[in-house]
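See below for the structure under consideration.
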Amino acid sequence: MNKITVVGSINLDTTIRTEQFPKPGETIHSKEIFTNGGGKGANQAIAAARSGAQVDFIGAVGNDDGGKMLVDLLKQDGINTSGIDHLDSVRTGSAYVTVDDSGENSIVIYGGANQQISTEHILENQKEISSSDYVIAQLETNLTSIERSFEIAQKGAAFTIFNPAPAPEMLPEKIIQMTDILVPNEIELETIVGVKITSEDDLVKAAKTIHELGVKVLVVTLGSKGSFYSIAEKKTGFVSAFEVNAVDTTAAGDTFIGALASKLTHDLENIEEAISYASKAASLTVQRYGAQPAIPYETELAVEI
Numbered sequence: 000m001n002k003i004t005v006v007g008s009i010n011l012d013t014t015i016r017t018e019q020f021p022k023p024g025e026t027i028h029s030k031e032i033f034t035n036g037g038g039k040g041a042n043q044a045i046a047a048a049r050s051g052a053q054v055d056f057i058g059a060v061g062n063d064d065g066g067k068m069l070v071d072l073l074k075q076d077g078i079n080t081s082g083i084d085h086l087d088s089v090r091t092g093s094a095y096v097t098v099d100d101s102g103e104n105s106i107v108i109y110g111g112a113n114q115q116i117s118t119e120h121i122l123e124n125q126k127e128i129s130s131s132d133y134v135i136a137q138l139e140t141n142l143t144s145i146e147r148s149f150e151i152a153q154k155g156a157a158f159t160i161f162n163p164a165p166a167p168e169m170l171p172e173k174i175i176q177m178t179d180i181l182v183p184n185e186i187e188l189e190t191i192v193g194v195k196i197t198s199e200d201d202l203v204k205a206a207k208t209i210h211e212l213g214v215k216v217l218v219v220t221l222g223s224k225g226s227f228y229s230i231a232e233k234k235t236g237f238v239s240a241f242e243v244n245a246v247d248t249t250a251a252g253d254t255f256i257g258a259l260a261s262k263l264t265h266d267l268e269n270i271e272e273a274i275s276y277a278s279k280a281a282s283l284t285v286q287r288y289g290a291q292p293a294i295p296y297e298t299e300l301a302v303e304i
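Letter by letter, the sequence shown follows residues 0 to 304 of numbering that gives the first Met the number 0.
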C-alpha cells in the first residue's frame with residue numbers, strides 16, 4: 000500500500016449542465032444544477048484512497064458550513080484530514096463548472112482558503128510529508144506551500160508528483176527542479192516547454208527538455224490518444240486509452256493522478272501497468288457527472304496490477 004500526502008485544494012463545486020456553452024452576452028437555460036465536493040487536490044486524494052492508498056491531506060478551508068462538509072467527505076473515504084487548517088478570515092474555495100452535452104467543461108475558480116496555506120502549517124505537518132511514498136501537489140494553492148512541501152519531501156524518501164494545472168503562464172523553475180514525476184496534459188506541457196506539441200517527435204523533444212530541468216519521469220495525458228511517458232535515460236512509451244462515451248470530463252485528470260500514485264512502485268518497473276490502471280479509472284470518471292461522486296473505487300476496476 001502506497002502512503003500518499005496530497006498538498007492541495009479543496010473546493011465546493013457547483014455544476015451546471017447545459018446543451019452548449021453560452022456565447023458572450025447570451026443567456027441560456029440549464030438542464031440541471033447540483034453541488035458536490037471538488038478541488039484538484041481533494042479529487043486526487045479521493046482517487047488515491049479509493050484505489051487503496053493510505054492518504055494524508057494538507058490544505059485549508061474556511062470556518063464555514065461548506066468547509067466542514069468537504070472535510071467530512073474526505074473522512075468518508077478514510078483520508079487523514081488532521082492536516083487541514085480551518086481559517087476564520089476567508090471562505091472555503093469554490094468552483095463553478097459548466098458541462099455541455101459533449102462532456103466538455105469550463106470552470107471558474109475562487110481560490111479562497113486554498114491560497115492561504117501558510118509555511119508554518121506545512122512545517123506542522125512535515126512528519127506526514129517526509130514519511131510518504133509520494134507527495135502530490137497542483138497549482139490551485141499558493142506556490143510557497145508547494146515549494147516548502149517539496150523541500151521536505153526531498154529531504155526524506157518521498158517522490159514528488161507535480162500536476163501543473165491549471166496551466167500556468169509562468170512556473171517557478173524551483174518547483175520543476177524539485178519534481179520527480181511531472182504529470183501535465185498536452186496544453187500544460189506546451190506552456191512549460193514553450194513549443195507546440197503535434198507529434199510523437201515533439202513529445203520526445205519536450206521530454207528531453209523536461210529531464211534537463213531535473214525531472215526524472217514525465218507522464219503526459221493525451222485524452223483519447225492515451226498517455227505518453229518518459230523515464231530519464233531509460234525509456235519512453237505510449238499507453239492506450241480506453242474508448243468510452245464521455246459525458247463529463249471534470250476530474251478525469253485528477254482521477255488519473257491519484258490512481259497512478261496509488262499503484263506506481265518507486266523502482267518504476269510497473270509504470271505501464273500503473274498508467275493503464277489510472278487510464279481505466281479516468282475512463283469510468285468521464286462516464287459520470289460531477290467530480291468526487293464520479294471517481295471510481297478499486298473494486299470497479301477490472302485491471303490487474
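Using N, Cα and C, we set each Cβ at its ideal position, and we do this for glycine too.
Assumed close pair A250, N42 - CB separation to whole angstroms, cut-off 8 Å: As a working mapping, residue 250 is identified with position 251 in the sequence shown. As a working mapping, residue 42 is identified with position 43 in the sequence shown. A250 to N42, Cβ: 5 Å. Contact.
Taking 8 Å as the threshold, find out whether the segment 12-23 comes into contact with the segment 146-163 through three or more Cβ pairs. no
Hey, which unbroken runs of the beta strand (DSSP E) at 3 residues or more fall wholly within the segment 190-255? 216-220, 226-230 and 234-238
Can you tell me whether V107 is buried or exposed? The criterion is at least 16 other CB atoms within 10 Å of its CB, across all chains shown. In the sequence shown, counting from the first residue as 1, residue 107 sits at position 108. Its Cβ having fewer than 16 others within 10 Å, V107 is exposed.
Would you identify the three-state DSSP class for D132, choosing helix, strand or coil? In the sequence shown, counting from the first residue as 1, residue 132 sits at position 133. Three-state result, D132: coil.
Going by DSSP, which residues form a beta bridge with E31? Taking the sequence shown and counting its residues from 1, the one referred to as residue 31 is at position 32. Looking at the DSSP assignment, E31 forms a beta bridge with R16.
Would a C-beta distance cut-off of 8 Å place D253 and K39 closer than the cut-off? One-based indexing of the sequence shown puts residue 253 at position 254. One-based indexing of the sequence shown puts residue 39 at position 40. The answer is yes: Cβ separation under 8 Å.
Which of the three DSSP states, helix, strand or coil, is assigned to T118? The sequence position of residue 118 within the sequence shown is 119, counting from 1. Three-state result, T118: helix.
With contact counted as at least three CB pairs below 8 Å, one residue from each stretch, are the segment 43-56 and the segment 171-180 in contact? no
Option nearest S229 by Cα separation, candidates I274, L283, V203 and A258: As a first step, residue 229 is located in the sequence shown; it is residue number 230 there, counting from the start. It is V203.
Name the residue from H120, Y133, D132 and S129 whose alpha carbon lies nearest to the alpha carbon of N141. If you number the sequence shown from 1, residue 141 lands on position 142. Ranking H120, Y133, D132 and S129 by Cα distance to N141 puts H120 first.
Proximity of V219 and E242 at Cβ, strictly below 8 Å: Numbered from its first residue, the sequence shown carries residue 219 at position 220. Numbered from its first residue, the sequence shown carries residue 242 at position 243. For V219 and E242, no; Cβs fall outside 8 Å.
When we look at the beta-carbon of Q115 and count the other beta-carbons within 10 Å, is it buried (16 or more) or exposed? Counted from its first residue, the sequence shown places residue 115 at position 116. So Q115 ends up on the buried side.
Grouping DSSP H, G and I as helix and E and B as strand, with all else coil, what is Y109? Stepping through the sequence shown from its first residue, residue 109 is reached at position 110. If DSSP states are grouped into helix, strand and coil, Y109 belongs with the strands.
Inter-stretch contact at 8 Å, needing at least 3 Cβ pairs: the segment 90-105 / the segment 234-248: yes
From the DSSP secondary-structure annotation, give me the bridge partner or partners of Q53. By 1-based counting over the sequence shown, the position of residue 53 is 54. In DSSP, Q53 forms a bridge with K2.
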